[in-house]
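Protein chains in written order, with my numbering: chain A, 83 to 417; chain B, 5 to 567.
For each residue, glycine too, the CB sits at the ideal point set by N, CA and C.
These figures come from a predicted structure and were not determined experimentally.
Reading through the structure tokens given below for one structure.
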Amino acid sequence: MDLRGHLECGGLVRAQVALGRYVLRRLIQAVPLLLGISIASFAILRAVPGGPTSVYESNPNITDEDIKRLEHAFGLDQPLPLQYLNWLGQFVTGDWGYSYISHRPVLALIGERLPNTITLMGSVFLTVLVLSLIIGTLTAVKQYSLFDHVVTGATFAFLSTPTFWLGLLLIIVFGLQLRLFPLGGMATLGAPSDIGDRLRHLVLPVATIALVQLGSHVRYLRASMLETINQDYMRTARAKGLGEHIVIARHALKNAAIPYVTVIALDLPELFVGALVTEQIFGWPGMGRLFWDSATRSDYPILMGILAVSSTLIVLANLLADVVYGYLDPRIRFG
Amino acid sequence: MRRTRPLARAIALVVGVGLLVGACAAPAAPAPSASEQPRGGALVFALWQEPESLYPFYATQTVSGLVSDVAVEALIRVDPDGNYLPQLAREVPTLQNGGVKLEGGRMLVTYRLTPDVRWSDGTPFTSADVKFTWQAIMRDPKVVSREGYDKIDEIETPDPVTAVVRYREVYAPYATRFDAIVPKHILENVADVGKSDFVRLPIGTGPFKITEFVAADHITAERNPNYRIKDRPLLDKIIFKSVPSREVAVAQLKAGEVDGMWLLLEAQVPELEKLPEIKILSVLAARLERLEFNLAKPGNPADPSVPHPVLGDLAMRRALLLATPKQQVIDKLLFGKAKPGNSVIALGWAAPKDVVQESYDPQKARQVLDAAGWTPGADGIRSKGAVRASLRISTTTGDRIREQVEQILIDEWRQIGVELTIRNLPSSVLLGTWSGGSPKARGDFDIAMFASTPGLDPHAHLSLGYQCRNIPQESNRGAGSNHSRFCDPQFDRLVDEAGASVDQETRKQLYARAQRIVNENVVKIWVYNNSRIDAFRANVGGYRGNPWTSAVTWSAEDWFVRR
Numbered sequence: 083m084d085l086r087g088h089l090e091c092g093g094l095v096r097a098q099v100a101l102g103r104y105v106l107r108r109l110i111q112a113v114p115l116l117l118g119i120s121i122a123s124f125a126i127l128r129a130v131p132g133g134p135t136s137v138y139e140s141n142p143n144i145t146d147e148d149i150k151r152l153e154h155a156f157g158l159d160q161p162l163p164l165q166y167l168n169w170l171g172q173f174v175t176g177d178w179g180y181s182y183i184s185h186r187p188v189l190a191l192i193g194e195r196l197p198n199t200i201t202l203m204g205s206v207f208l209t210v211l212v213l214s215l216i217i218g219t220l221t222a223v224k225q226y227s228l229f230d231h232v233v234t235g236a237t238f239a240f241l242s243t244p245t246f247w248l249g250l251l252l253i254i255v256f257g258l259q260l261r262l263f264p265l266g267g268m269a270t271l272g273a274p275s276d277i278g279d280r281l282r283h284l285v286l287p288v289a290t291i292a293l294v295q296l297g298s299h300v301r302y303l304r305a306s307m308l309e310t311i312n313q314d315y316m317r318t319a320r321a322k323g324l325g326e327h328i329v330i331a332r333h334a335l336k337n338a339a340i341p342y343v344t345v346i347a348l349d350l351p352e353l354f355v356g357a358l359v360t361e362q363i364f365g366w367p368g369m370g371r372l373f374w375d376s377a378t379r380s381d382y383p384i385l386m387g388i389l390a391v392s393s394t395l396i397v398l399a400n401l402l403a404d405v406v407y408g409y410l411d412p413r414i415r416f417g
Numbered sequence: 005m006r007r008t009r010p011l012a013r014a015i016a017l018v019v020g021v022g023l024l025v026g027a028c029a030a031p032a033a034p035a036p037s038a039s040e041q042p043r044g045g046a047l048v049f050a051l052w053q054e055p056e057s058l059y060p061f062y063a064t065q066t067v068s069g070l071v072s073d074v075a076v077e078a079l080i081r082v083d084p085d086g087n088y089l090p091q092l093a094r095e096v097p098t099l100q101n102g103g104v105k106l107e108g109g110r111m112l113v114t115y116r117l118t119p120d121v122r123w124s125d126g127t128p129f130t131s132a133d134v135k136f137t138w139q140a141i142m143r144d145p146k147v148v149s150r151e152g153y154d155k156i157d158e159i160e161t162p163d164p165v166t167a168v169v170r171y172r173e174v175y176a177p178y179a180t181r182f183d184a185i186v187p188k189h190i191l192e193n194v195a196d197v198g199k200s201d202f203v204r205l206p207i208g209t210g211p212f213k214i215t216e217f218v219a220a221d222h223i224t225a226e227r228n229p230n231y232r233i234k235d236r237p238l239l240d241k242i243i244f245k246s247v248p249s250r251e252v253a254v255a256q257l258k259a260g261e262v263d264g265m266w267l268l269l270e271a272q273v274p275e276l277e278k279l280p281e282i283k284i285l286s287v288l289a290a291r292l293e294r295l296e297f298n299l300a301k302p303g304n305p306a307d308p309s310v311p312h313p314v315l316g317d318l319a320m321r322r323a324l325l326l327a328t329p330k331q332q333v334i335d336k337l338l339f340g341k342a343k344p345g346n347s348v349i350a351l352g353w354a355a356p357k358d359v360v361q362e363s364y365d366p367q368k369a370r371q372v373l374d375a376a377g378w379t380p381g382a383d384g385i386r387s388k389g390a391v392r393a394s395l396r397i398s399t400t401t402g403d404r405i406r407e408q409v410e411q412i413l414i415d416e417w418r419q420i421g422v423e424l425t426i427r428n429l430p431s432s433v434l435l436g437t438w439s440g441g442s443p444k445a446r447g448d449f450d451i452a453m454f455a456s457t458p459g460l461d462p463h464a465h466l467s468l469g470y471q472c473r474n475i476p477q478e479s480n481r482g483a484g485s486n487h488s489r490f491c492d493p494q495f496d497r498l499v500d501e502a503g504a505s506v507d508q509e510t511r512k513q514l515y516a517r518a519q520r521i522v523n524e525n526v527v528k529i530w531v532y533n534n535s536r537i538d539a540f541r542a543n544v545g546g547y548r549g550n551p552w553t554s555a556v557t558w559s560a561e562d563w564f565v566r567r
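As structure tokens, this is what we get:
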């Protein structure tokens, strides 16, 4: 019997149990946190002046009785705490309510927008991931080179650029003037659907979000790489006679990427939430626009649904980041 | 914005291709002879708002009517001049043709329906659908308005092409009702229309049928093979494309990505007019931008029995009118694409031709104030006794044109010795409800600037907006929209009398007298009458503007596109 193997195995089991307990504790802690967030969201939405029936006010064909009848039909005539509890009770049982405006189920409305947002934000996610790894590594390896200076300047420039301005600029230059890409939407209407057309529609919105995000991500990876490159084990790797490419890729990048993974994990909720401003500018039928349109019409059920899901995802993404970090860096212990 | 659908004759000034067409001419876009109209093809039309629901009784936004109008028809529709035209009815019921009968205090309206009409799914359209439409409105708590339908006792359907509507009282605007008919065979067993597909893919009798609804992306309307009019529609397909804003719609129109777009701002017209590949369609609409005076002392809520310290004086209101340069606002801010307002009802049969507001004359304004005892102080601002002529104006925040109008007013009114300060509010607050605490509804304002669009039948607008009983206050739990707190017994009598008559000529005279009283009291300043402006690529034709329909799509069956 191999005692050493047995011991290691026992250690692994203990670590797994500790991790399990940790995750469970964090999940239990998340419940009051999420309840608090939902109460705050509900309160803030109701504190905003106006309301779902204010759009009817200036219509001469809509009488006060009509408005009272509608408020009753939507349950808006009940006391606010009761309205919240009604919403919560329905939400946890899977009934997310109905839009006040279109009267469609909230789940269906979210369901039809979600694939579009995942397409857009997934493309952004992959683009940013790949480009930031390449550019971040290169700038760190060639620190203070011309390339490094140009990238550093550009990242700061994009980091401080508002997306609405960048998006409009890209539309004007690449859409209107150069006619390289369509001005908005997901596909050319009236034409048979093909993948090339879809990709062309993706380019400008993805570029808008990715350029701004790349700024922070490249900075992050560069800093992390620089720290790693100066570690003792890098010298050891080179002393073993490994080629520079292998040293960078296998030893430096792998270690530098550990803190970066948590940054990436925290980006994951965006796959659901979408991009409020960019979707608006490019007419992308995603979650961001659904939220925006619902907010302008005080469509509480949709807003609450989106806020509840996105806050849950953010809490989960934080937990995921912590867990993954522990896996990748064995020095971290859960307890 | 709301849908206007209504009654008889009106002025429709249409600028098509920069061409001014007068009242009686059928306003038309470049109209080639029938032989050269190309058939078939698809047209892409840009919308910068998302239709909330295509079920006519849930929709409140103009853009929803814009889309559903290509598929859903009315018993009676309105032509660009404001005349009623039969659509699914064979004729417009009137007292003269026996379609309307008065029995004691009750009213019977008999509709003879167009025979051989089919729904787009092929099922015949009958009087049972008319009756069902009424029932659908009355049984569903989520419909936006039951106006008129709640005065119906019963609808009899003696045969498939006759529907007899029994109103329990004389209901003068009867011709504006049944502005959309929905199919019984589809909806009869649907418990909640909101949860059905009908709100997105409505079945109608119109030239097109809605075949695809991709939220926030596009809506496709395809030719209805069962449409009753031969050789119509000309197009095979209209695709309504969702774009995020007017600016994007203009950019896509210029780039040729869309063939037409809905509702431009006046400021966008000069740039597009220069382009030969774009045509502008402009129709004078019933929408009237006004400065609303609060005649009662502001408060939350205001007490209508206590006059406003400054605006309670008719001389002051008249002076402010005289010092308001309407034409300058139109020329400078609206690029001439509007008309100075003159009366409560600006367009249609109920618009009085001879009721006008005094024009800009600041010299006269000063004389009026001098005569009324408002004397200028050291800073040039007038006062009367302890009351200083200082007023607050409120409009919707973020509206650039309105904010510029405020600047003009501050300047102009200061020159006659009246101080104006700004207190703008988000539109949902300013134009909100009594229970929601809107300062306009509750009377906590001096002057409010906003727009309102009376329907072709003026009764609801005049009654709710100006009669004493419609001053919102605690005792009526905030009912009514007489936010000026105007009260004149003679006005009330004239409007009540008009509402009890179904003879259009009689009603027209009474409403004209009532509107004259409003003007004599300078309850509001009618700043300008907007135009409805749409734009198309030059290769599109057949469209006609109509201020009485939701939008230009009322003429969609005649649209064509040359590729």
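Member of the options whose CA lies at the smallest distance from the CA of residue i
i	options	result
B/E296	B/K341, B/P458, B/H487, B/E509	B/H487
B/P55	B/I141, B/T224, B/M142	B/T224
A/Y315	A/L189, A/V329, A/G325	A/V329
B/D538	B/R386, B/A289, B/N193, B/Y515	B/A289
B/D44	B/L239, B/D183, B/D154	The sequence as given places Gly at residue 44 of chain B; Asp does not occur at that position. It is B/L239 whose Cα lies nearest to the Cα of B/G44.
B/R143	A/A155, A/G368, A/P114, A/P187	A/A155
B/Y600	B/A253, B/L292, B/R232	There is no way to answer for residue 600 of chain B, as the model of chain B reaches only from 5 to 567.
Residue i, enclosing alpha helix (DSSP H) - first and last residue
i	result
B/A50	First-last for B/A50: 46-51, but that is the beta strand (DSSP E), not the alpha helix (DSSP H).
B/A225	Careful: B/A225 lies outside any alpha helix (DSSP H), inside the beta strand (DSSP E) at 222-227.
A/Y409	382-410
B/D577	Not covered by the structure: residue 577 of chain B. The range shown for chain B is 5 to 567.
A/D146	146-156
B/P308	Not the alpha helix (DSSP H): B/P308 falls in the beta strand (DSSP E), residues 307-311.
Chain-ordered neighbours of residue i on chain B, where CB pairs are closer than 8 angstroms
i	result
A/G356	Under the 8 angstroms cutoff, chain B gives no residues; its nearest Cβ is about 11 angstroms from A/G356.
A/R128	In chain order: nothing, as chain B lies at least about 11 angstroms away.
A/A155	P145, K146
Listed by chain order, chain B residues near residue i by CB distance under 7 angstroms
i	result
A/Q362	P248
A/S205	By Cβ distance, chain B contributes nothing, its closest Cβ being about 17 angstroms from A/S205, past 7 angstroms.
Separation of residue j from residue i, as counted between CA atoms
i	j	result
A/L410	A/A403	11 angstroms
B/V169	B/K135	8 angstroms
A/A377	B/S432	12 angstroms
B/A38	B/I159	Residue confidence for B/A38 is low, a pLDDT of 49 falling below 50, so the modelled location carries little weight; the figure read from the coordinates is stated next. Approximately 41 angstroms between the Cα atoms of the pair.
B/L325	B/D500	28 angstroms
A/R128	B/N543	49 angstroms
B/F217	A/L271	13 angstroms
B/G389	B/W438	33 angstroms
B/R396	B/A350	27 angstroms
B/P308	B/G484	13 angstroms
B/L191	A/H185	16 angstroms
B/A219	A/R195	8 angstroms
A/K322	A/L293	39 angstroms
B/R7	B/A255	Reliability fails at B/R7, whose pLDDT of 41 lies under 50, so the model's placement of it is uncertain and the value that follows must be treated cautiously. Roughly 27 angstroms separates the two Cα atoms.
B/Q361	B/A327	12 angstroms
Cross-chain neighbours of residue i in chain A, by beta carbon under 9 angstroms
i	result
B/I243	L271, G272
Residue i - containing beta strand (DSSP E), residue span
i	result
B/L89	88-90
B/S246	241-246
Cross-chain neighbours of residue i in chain B, by beta carbon under 9 angstroms
i	result
A/H327	By Cβ distance, chain B contributes nothing, its closest Cβ being about 46 angstroms from A/H327, past 9 angstroms.
**Report entry** Segments of 3+ residues assigned as beta strand (DSSP E) that fall wholly inside the segment 95-180 of chain B
**Finding:** 104-107, 110-116, 156-163, 166-171
Report task. Enumerate, from N- to C-terminal direction, the unbroken beta strand (DSSP E) stretches of 3 or more residues contained entirely within the segment 428-454 of chain B. Result -> none
Query raised in the report: Residue ranges of each alpha helix (DSSP H) run of no fewer than 4 residues wholly in the segment 183-213 of chain B, ordered along the chain?
Result: 188-191
Query - beta strand (DSSP E) runs wholly inside the segment 339-387 of chain A, at least 3 long, in chain order - result: none
Requested in this report: Kindly provide the ranges of any alpha helix (DSSP H) runs that are 4 or more residues long and lie completely inside the segment 205-270 of chain A, ordered along the chain.
Outcome: 228-241, 245-252
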